[in-house]
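Heads up, the thing below is written out as structure tokens.
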Amino acid sequence: MGTQSAMSSEAGQLPIVLEAVEESVATALAVGLAMPDRPVIDATTRDLVGHLRALMGEDLGFDEDPVVQALFREGYRVLDLARRPTAETTHFGAYQYMREVGLLTRRFAGVYHETQKQDEADG
Numbered sequence: 117m118g119t120q121s122a123m124s125s126e127a128g129q130l131p132i133v134l135e136a137v138e139e140s141v142a143t144a145l146a147v148g149l150a151m152p153d154r155p156v157i158d159a160t161t162r163d164l165v166g167h168l169r170a171l172m173g174e175d176l177g178f179d180e181d182p183v184v185q186a187l188f189r190e191g192y193r194v195l196d197l198a199r200r201p202t203a204e205t206t207h208f209g210a211y212q213y214m215r216e217v218g219l220l221t222r223r224f225a226g227v228y229h230e231t232q233k234q235d236e237a238d239g
């Protein structure tokens, strides 16, 4: 486990469970004949934002990897409060935001998974 992972756990944060992340992402990115109801979109978005914040709190190699640095810039842009849907946001706008957060969360989860595999291989 990385240094920041250990610090996150010590700070009282829950560990990242990739299965839970993937479940939220799958809900956000599922293709159906109709959009989910707005309460489902809002709940899924809240879950995804929580997963994304947790993943962004992990040591993913930001200092060494320009790809990870770009991913973090995108994460901060997407999580900007001014971009988040409100009650006045259209149903489609909220749906699009949920999907955007889902795609980004999936990318972060992939980097996190690779980091964990490297940490395990390193001992």
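Be aware that the sequence shown starts at 117, since it is given in the working numbering, and climbs by one per residue.
Built from N, CA and C at the ideal position, the CB exists for glycine as well.
These figures come from a predicted structure and were not determined experimentally.
When the alpha-carbon of L164 is set against those of V184, V156, D179, S140, the nearest one is in S140. Within the same chain, P201 come within 7 Å of G209 by CB-CB distance, once the 5 residues on both sides are set aside.
Spanning the alpha carbons of Q185 and A203 requires a straight line of approximately 32 Å.
Shortest Cα-Cα distance from L171 to any of P152, V227, R154 involves V227.
Here Y192 is exposed: its Cβ has fewer than 16 other Cβ atoms, across all protein chains shown, within 10 Å. Restricting attention to E174, L219, A144, the CA atom closest to the CA of E230 is found in E174.
Comparing alpha-carbon positions, the option among F224, A144, A237 lying closest to L176 turns out to be F224.
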